[in-house]
Amino acid sequence: MFDAEKFIEKAVPKLREEIQGRALIAFSGGVDSTVCAALVNQAVGDQLIAVHVDTGYMRKNESEHVKKMMSSMRLNFRFVDASKDFYDALKGVEDPEKKRKIIGNKFIRCFEKVAKDEKIKCLVQGTIAPDWIESGGELRDTIKSHHNVGGLPEDMELRLVEPLRDLYKDEVRKVARVLGLSVSERQPFPGPGLAIRVIGEATLEKTEIVREACDIVEKEIERAVEKGLMERPWQYFAVLIPIKTVGVHGDKRAYGYTIAVRAVQSVDAMTCKYSDISHEVLDDISTKITNTLGDKINRIVYDITNKPPGTVEWE
Ligand code: XMP
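For what it's worth, this note's numbering labels the leading residue of the sequence shown as 1185, then goes sequentially.
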């Protein structure tokens, strides 16, 4: 049985030894990086600088939320707006693995820039077990290159420290609860962000659509949970499928994209079961998305695939 208190007891002195001075932490504001930041903060205090990169593929209002989190945790932090850089780098790129590698690479270049300015050589990442298991290598097939493992550039100059490497998500949540972090129950959000929730080329136009759709899915599901209509899924979001179909908005013909709604139950992200959402809630989600996004979206589908054979994210 995983003992979160023992884990913390061992992790803090080990981190002090491993870091030996100053360090950066890649801070997304999710459970993993927040737990990591809290542990490193206990180990080296203000020798730590948290870096949050706005890739342009964040959820609605997410970067503002993350800035507030970093302040409330009293972390030294730097905020990097690299959205133009990320959009440019992904122009014309359709293949999911290529997208993931470009994103992983861009993240590291952003961290290296801050590290150079601050004369820091060590980067802490909140990598957890499924990230490196799914990224493959040696005897394992690459399911998908997680941005923080399989997406790292070969010529990377920073030394990596990854205190959560052997933990699964449910274990990270236990550590978060012991540390008293309110982020403990937050749903996961992948590092590559909305770029892997737009199938194929993640243009600004499509990203804006999926950002709005993800926000609606989150709000409608949370409203249904509050009303007692359903259990809160483990993860819930929207995916833009770049297939256009014919529809009618008002009395006008429309030719818009398709949105897939994904909601899953899981414990550790290694497997998942699609959530049993009532038609009433699905209907609210569908109506809200098509009303809000007008003729850009004509069709909403619900993903009823488990993992395996699907994965949680579509790319
Ligand atoms: P999959 O899609 O592999 O996702 O079934 C399992 C869990 O991991 C998240 N995910 C990622 N998280 N970097 C991350 O930090 C990534 O590159 C990445 N890809 C997927 C996904 O949202 C789910 O919770």
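By construction, the Cβ of each residue, glycine as well, lies at the ideal position given by its N, Cα and C atoms.
Beta strand (DSSP E) segment containing residue i, residue limits
{"i": "phenylalanine 1502", "result": "There is simply no residue 1502 to check, as the chain begins at 1185 and stops at 1499 in what is shown."}
{"i": "glycine 1440", "result": "1436-1449"}
{"i": "glycine 1431", "result": "1419-1433"}
{"i": "valine 1496", "result": "No beta strand (DSSP E) holds valine 1496; DSSP gives it neither H nor E."}
{"i": "cysteine 1306", "result": "1306-1308"}
{"i": "alanine 1210", "result": "1207-1210"}
Through-space distance from residue j to residue i, alpha-carbon basis
{"i": "serine 1366", "j": "histidine 1433", "result": "42 Å"}
{"i": "glutamate 1369", "j": "glutamate 1410", "result": "15 Å"}
{"i": "isoleucine 1380", "j": "valine 1496", "result": "11 Å"}
{"i": "isoleucine 1484", "j": "threonine 1429", "result": "11 Å"}
{"i": "isoleucine 1400", "j": "lysine 1472", "result": "7 Å"}
{"i": "tryptophan 1316", "j": "glutamine 1231", "result": "27 Å"}
{"i": "threonine 1476", "j": "phenylalanine 1373", "result": "23 Å"}
{"i": "asparagine 1490", "j": "cysteine 1220", "result": "30 Å"}
{"i": "serine 1217", "j": "phenylalanine 1211", "result": "5 Å"}
{"i": "serine 1256", "j": "isoleucine 1192", "result": "21 Å"}
{"i": "glutamate 1278", "j": "lysine 1390", "result": "13 Å"}
{"i": "tyrosine 1458", "j": "glutamate 1464", "result": "17 Å"}
{"i": "glutamate 1406", "j": "serine 1450", "result": "17 Å"}
Any non-hydrogen atom of the ligand XMP within 7 Å of residue i CB
{"i": "glycine 1375", "result": "yes"}
{"i": "glutamate 1497", "result": "yes"}
{"i": "arginine 1370", "result": "no"}
{"i": "arginine 1349", "result": "no"}
{"i": "glutamine 1419", "result": "yes"}
{"i": "asparagine 1332", "result": "yes"}
{"i": "proline 1492", "result": "no"}
{"i": "lysine 1328", "result": "yes"}
{"i": "glutamate 1318", "result": "yes"}
{"i": "aspartate 1315", "result": "yes"}
{"i": "alanine 1422", "result": "no"}
{"i": "arginine 1357", "result": "no"}
{"i": "alanine 1324", "result": "Looking at the sequence itself, residue 1324 is arginine, so the reference to alanine does not match. No, since every heavy atom of the ligand XMP falls outside the 7 Å radius drawn around the Cβ of arginine 1324."}
{"i": "alanine 1447", "result": "no"}
{"i": "arginine 1284", "result": "yes"}
{"i": "alanine 1453", "result": "yes"}
Residue interval of the alpha helix (DSSP H) (run including residue i)
{"i": "arginine 1349", "result": "Element bounds for arginine 1349: n/a, residue is neither H nor E."}
{"i": "isoleucine 1481", "result": "Isoleucine 1481 -> not in any alpha helix (DSSP H); beta strand (DSSP E) instead, spanning 1481-1486."}
{"i": "leucine 1388", "result": "1388-1410"}
{"i": "valine 1237", "result": "Segment 1232-1238 is the beta strand (DSSP E) holding valine 1237; no alpha helix (DSSP H) there."}
{"i": "tyrosine 1294", "result": "Checking the sequence, you will find cysteine at residue 1294 rather than tyrosine. It spans 1280-1302 - the alpha helix (DSSP H) in which cysteine 1294 sits, taken as one unbroken run."}
{"i": "alanine 1360", "result": "1353-1362"}
{"i": "leucine 1199", "result": "1188-1203"}
{"i": "alanine 1222", "result": "1215-1228"}
{"i": "lysine 1469", "result": "The sequence as given places isoleucine at residue 1469; lysine does not occur at that position. 1463-1477 is the span of the alpha helix (DSSP H), which, as asked, contains isoleucine 1469."}
{"i": "alanine 1313", "result": "1313-1319"}
{"i": "serine 1247", "result": "1246-1256"}
Pair within 8 Å by beta-carbon distance, residue i and residue j
{"i": "aspartate 1265", "j": "aspartate 1301", "result": "no"}
{"i": "aspartate 1452", "j": "tyrosine 1352", "result": "yes"}
{"i": "glutamate 1189", "j": "valine 1356", "result": "no"}
{"i": "isoleucine 1393", "j": "leucine 1424", "result": "yes"}
{"i": "lysine 1283", "j": "alanine 1397", "result": "no"}
{"i": "valine 1298", "j": "leucine 1208", "result": "yes"}
{"i": "alanine 1313", "j": "aspartate 1354", "result": "no"}
{"i": "phenylalanine 1263", "j": "lysine 1251", "result": "yes"}
{"i": "isoleucine 1383", "j": "glutamate 1499", "result": "yes"}
{"i": "alanine 1422", "j": "alanine 1408", "result": "no"}
Closer than 7 Å: residue i CB and nearest the ligand ATP heavy atom
{"i": "alanine 1227", "result": "With respect to the ligand ATP, the structure shown offers nothing to examine, as its ligands consist of the ligand XMP."}
Worksheet item: Are three or more beta carbon pairs between the segment 1267-1287 and the segment 1301-1309 nearer than 8 Å?
Response: no
Discussion item. Across the segment 1375-1394 and the segment 1239-1257, are there enough close Cβ pairs to call them in contact, namely three or more that are closer than 8 Å?
Written reply: yes
Worksheet item: Looking at C-beta atoms only, is the number of pairs between the segment 1245-1259 and the segment 1342-1361 that lie closer than 8 Å three or more?
Response: no
Worksheet entry | At least three beta-carbon pairs within less than 8 Å, the segment 1278-1291 to the segment 1325-1335 | yes
Discussion item. For the segment 1190-1198 against the segment 1218-1232, do three or more pairs of beta-carbon atoms, one drawn from each stretch, fall closer than 8 Å, so that the two count as touching?
Written reply: yes
Discussion item. Under 8 Å, with one C-beta from each stretch per pair, do the segment 1479-1493 and the segment 1431-1451 reach the 3-pair mark?
Written reply: yes
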